[in-house]
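Every number in this note's numbering is 735 more than the matching position in the sequence shown, counting from 1.
What follows is a set of notes on a single structure, which appears directly below.
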Amino acid sequence: MVAMAPALHDKAAAAVLPEEISIDSCGIEPDLEGADAIGKLRGEREIVLGRNLHDQCFSITEPEHDDEETGEKDVYMAGVLARYRKTLVERTKYHLGYPYNLDFDYGALSQLQHFSINNLGDPFIESNYGVHSRQFEVGVLDWFARLWELEKNEYWGYITNCGTEGNLHGLLVGREVFPDGILYASKDSHYSVFKAGRMYRMEVVKVDTLLSGEIDCADFQRRLLENQDKPAIVNVNIGTTVKGAVDDLDGVIRTLEDCGFSQDRFYIHCDGALFGLMMPFVKRAPKVSFKKPIGSVSVSGHKFVGCPMPCGIQITRIEHINTLSRNVEYLASRDATIMGSRNGHAPLFLWYTLNRKGYRGFKKEVEKCLANAHYLAGCLRESGFGAMLNELSSTVVFERPQDEAFVRKWQLACQGKIAHAVVMPSVTVDKLKVFLKELIESRSRLFPDGKIVAPCVADELGAKNCACVKHSSCS
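Structure, rendered in structure tokens:
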């Protein structure tokens, strides 16, 4: 679920620059279904689209006529930025709900920050704009193509501006291959998948999921049989947004074939935003590979890899891309990307990290994340919290804390009655211990008599993962 900023109504408070910039904008979208039960405890605030941050933004003001002589504007801006940096340092300490690896050091690349590096157009065809990083971009793409078992002469791809762009592109390729195809996606898919459906005016079928969050292949089969006359464009999740569930790619392919869909009548896009890079290093994990009949894979570069700006990697089969590619005389190149201009700095960051860590480095980090996720899930259960951890995941799902201030402090992503913590390489055991200690203290404040009542999350996490009175006594 997307975090939304809470409304602020005290305009006077925004006029004075605080010692630390307000963190109130880290609030989350209110749970409408549970509002009657625990709305007061959560301190929900109204969300007004396009208005919530206006009262705390730093306005742009015209320089005074003597600013160049007095330097007052420069001093003011330096103060704002210094305090903003202090806020970033503080907020990074309490970052647990979103899948970003904050453990990186790109000081060696600071020498390149003075250049306007733009990889506009096709990564494999140089344009007239010479200040680009295509040689780094193609090196990164080659690395991921090897990871997913696709030869250099068989793939096309590019470094996107975010994970959502990877989904938009992958599904656009599918739509261009099958203009009358139906988009099938599990209801636990990332919201960008359904955004793509709306943008491309595709017919979309939402497929049920299992309790784990994985696509329900039985329901998928029923949906396919209802629409056998149209090709299938299928989104397969390599880690769902909330529960970190991995769809059974082989099961999806078998279901398509069992329903009479030959390989020339379906297109599969794999949304591997986070786990697409982790899965190859997990023992006994199902393989995401272009040796299987898939059409495209996308991952985020700012998540597990760790990058200071949002970016992603999109790989597809080269035979599909001709349906999108167009000559652009202005660039003296071709273009099949979603965006025109693309951040040329992102490939440098990705190239630098891939070279420093390599396959062995990522394998070590994946093992660390999975071990720490198991530690967190175990501690939550031992402390009387309902909690669930999928087998191939580092996303720990647990009952939503009822203290909204605690949720905002730790920047937890919530949906309905559950929240999750994503254990990334930058999340240490010491950090998890602090989180657990404060979570327990937060719960204790809500039950001063010591009689803690755990909410029932059996519908969301399963009876065996629920700590309420009814289900804990049965386990």
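Note that the Cβ used here is the ideal one computed from N, Cα and C, for glycine as well.
Same chain, Cβ closer than 8 Å to residue i, neighbours up to 5 away in sequence not counted
i	result
ALA1108	LEU1124, SER1128, SER1129, THR1130, VAL1131, VAL1158
VAL866	PHE850, SER851, ILE852, ASN853, GLY1079
VAL940	ILE917, LEU918, TYR919, ALA920, ARG958, ASN962
Contact set for residue i: own chain, Cβ-Cβ below 6 Å, skip 5 residues either direction
i	result
GLU1100	PRO1160
ALA980	SER947, GLY948, GLU949, ASN1125
THR975	ASP923, GLY948
PHE955	VAL942, THR990
LEU1012	VAL1034, PHE1039
Assigned secondary structure, residue i (DSSP; H/G/I helix, E/B strand, else coil)
i	result
CYS1005	strand
GLU938	strand
LEU906	helix
ALA729	It is not possible to answer for residue 729, since the shown part of the chain is limited to 736 through 1210.
SER1177	helix
GLY1047	strand
GLN956	helix
TRP1086	helix
ARG1135	coil
CYS761	Residue confidence is low: CYS761 scores 37 on pLDDT, short of 50, so the model does not pin down where it sits. Its coordinate-derived value is still stated next. Of the three classes helix, strand and coil, the one that applies to CYS761 here is helix, per DSSP.
TYR893	strand
SER1118	coil
ARG1069	strand
ARG1052	strand
ALA1106	helix
GLN963	coil
VAL1204	helix
LEU1124	strand
MET739	Unreliable positioning characterises MET739 in this predicted model, as indicated by a pLDDT of 37, which lies under 50. The coordinate reading is nonetheless provided below. In the structure shown, MET739 sits in coil (DSSP, three-state: anything other than H, G, I, E or B).
LEU1196	helix
Unbroken alpha helix (DSSP H) run spanning residue i, endpoints
i	result
GLN870	869-882
VAL824	807-828
ARG989	984-993
ALA1020	Per DSSP, ALA1020 belongs to no alpha helix (DSSP H) and is neither H nor E.
MET1013	1010-1013
Cβ neighbour criterion (16 or more within 10 Å) applied to residue i
i	result
THR805	exposed
ARG957	exposed
LYS1152	buried
TYR1002	buried
LYS1038	buried
GLU992	exposed
THR1058	exposed
PRO1082	buried
LEU907	buried
ASN888	exposed
ARG1178	buried
PRO798	exposed
Start and end residues, beta strand (DSSP E) containing residue i
i	result
PHE913	Looking at the DSSP string, PHE913 is not in any beta strand (DSSP E), and its letter there is neither H nor E.
VAL1032	1031-1035
ALA1148	1148-1150
Own chain, CB closer than 7 Å to residue i, minus 5 neighbours either side, in chain order
i	result
SER927	THR899, ASN902, LEU903
TYR833	GLN1146, ALA1148, VAL1157
SER1076	ASN853, LEU855
ARG1116	ALA1122
ASP1194	none
Contained beta strand (DSSP E) runs [length at least 3] in the segment 839-863, N- to C-terminal order
For secondary structure counted as the beta strand (DSSP E) over 3 or more consecutive residues, the segment 839-863 holds no complete run.
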